[in-house]
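*Asks:* If you scroll down you'll find the structure; I have some questions about it.
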Amino acid sequence: MLLGEPPRSAGDLHFRLFGIPVRVHPYFWLVAVMLGLGPDSQLSDILIWVVAVVISILIHELGHALLMRAYGLWPWITLTGFGGLASADPAGAQRIGTAGNVLISFAGPAAQFVLVAGLAAALKALGYSITLDTSGIVPLVYPGEPVASWGVSMLLIYLMTASVSWAVLNLIPVYPLDGGQIARDLFLAASPRNGITRSLILSIVAAVAVAVVALSNGSKVLALMAGLLAYSNYAALQAYRNQRGW
-6 MLLGEPPRSA GDLHFRLFGI PVRVHPYFWL VAVMLGLGPD SQLSDILIWV
44 VAVVISILIH ELGHALLMRA YGLWPWITLT GFGGLASADP AGAQRIGTAG
94 NVLISFAGPA AQFVLVAGLA AALKALGYSI TLDTSGIVPL VYPGEPVASW
144 GVSMLLIYLM TASVSWAVLN LIPVYPLDGG QIARDLFLAA SPRNGITRSL
194 ILSIVAAVAV AVVALSNGSK VLALMAGLLA YSNYAALQAY RNQRGW
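In the numbering used here, the protein residues as written are -6 to 239.
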């Protein structure tokens, strides 16, 4: 998940998945298309990419939401221009405690890892090889041999690539990414007085580091997102310190 839940708009798409309300903000489609654009991209490539992104992020957020529901919460999912988020009544988070909140935060990336592992196992069972490319800023996954259908092959490549990349990025300890929420819960458990401050400082450092690495690898979109997160955490830290009179 990234940033907060956007205001409702006339262009929102609403549906339910496993009984969980889902809202898709128009900016989600815009950003998904932008991320799929390339110098040689054709309309068919972009459409397949958008389908893969929708499936991948929905599975990620379902990982959070289904575990929330298992803990007795009533979750909902929102897909935004910055990814997605699974939300529930904040009072419920206090009720389930640190361990429950950490598990819920980890459930999103875990769901994507399980998806990729399942697809990889199925492809290997059908005689295809799987390659994990970690040479770039984010891991990429490719089926080694093309499947019969070009569209299915591209969907698998995009789905596995988006899932691995999004899961790994979300585990970086930058709030409000899943890794940042896990870090905050652990900091608060260790020091209720200083946990928020320490988690925000860690978020700023980690976000700046990601931005630097992304720029060095030519990933301007990721660098911009990391920069926005660094700034939002810095602003939150200043507001929190002012509120506490520091």
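A virtual CB, placed ideally from N, CA and C, is assigned to each residue, including glycine.
#1: Roughly how many angstroms separate the alpha carbons of TYR20 and ILE194, rounded to a whole number?
#2: Taking the straight line between their C-alpha atoms, what separation do you get for TYR227 and TRP42?
#3: Nearest by alpha-carbon distance to VAL24: which of ILE39, PRO32, PHE11 is it?
#4: By DSSP, does TRP67 sit in helix, in strand, or in coil?
#5: Buried or exposed for PHE8, please, with buried defined as at least 16 other CB atoms from any protein chain shown within 10 angstroms of its CB.
#6: Excluding five sequence neighbours on each side, which residues of the same chain lie with their C-beta closer than 7 Å to the C-beta of ALA81?
#7: Using a Cβ-Cβ cutoff of less than 6 Å, which residues in the same chain neighbour PHE99 once the five nearest sequence positions on both sides are dropped?
#8: Count Cβ pairs between the region 206 to 213 and the region 173 to 192 that sit closer than 8 Å; are there 3 or more?
#9: Alpha carbon to alpha carbon, what distance is there between ALA92 and GLY31?
#10: Between which two residues does the beta strand (DSSP E) holding VAL145 run?
*Replies:* With the structure as the only source:
#1: Taking the straight line from one Cα to the other gives about 29 Å.
#2: Here the alpha carbon of TYR227 sits roughly 33 Å from the alpha carbon of TRP42.
#3: Among ILE39, PRO32, PHE11, the Cα nearest to that of VAL24 is on ILE39.
#4: In this structure, TRP67 counts as coil in the three-state DSSP scheme.
#5: In this structure PHE8 is exposed. Its beta-carbon is surrounded by fewer than 16 other beta-carbon atoms within 10 angstroms.
#6: These residues qualify, in order along the chain: MET61, LEU66, TRP67, PRO68.
#7: Result list for PHE99: empty, nothing under 6 Å.
#8: Short answer: they don't touch.
#9: Cα-Cα distance, rounded: 42 Å.
#10: No beta strand (DSSP E) holds VAL145; the alpha helix (DSSP H) holding it covers 143 to 163.
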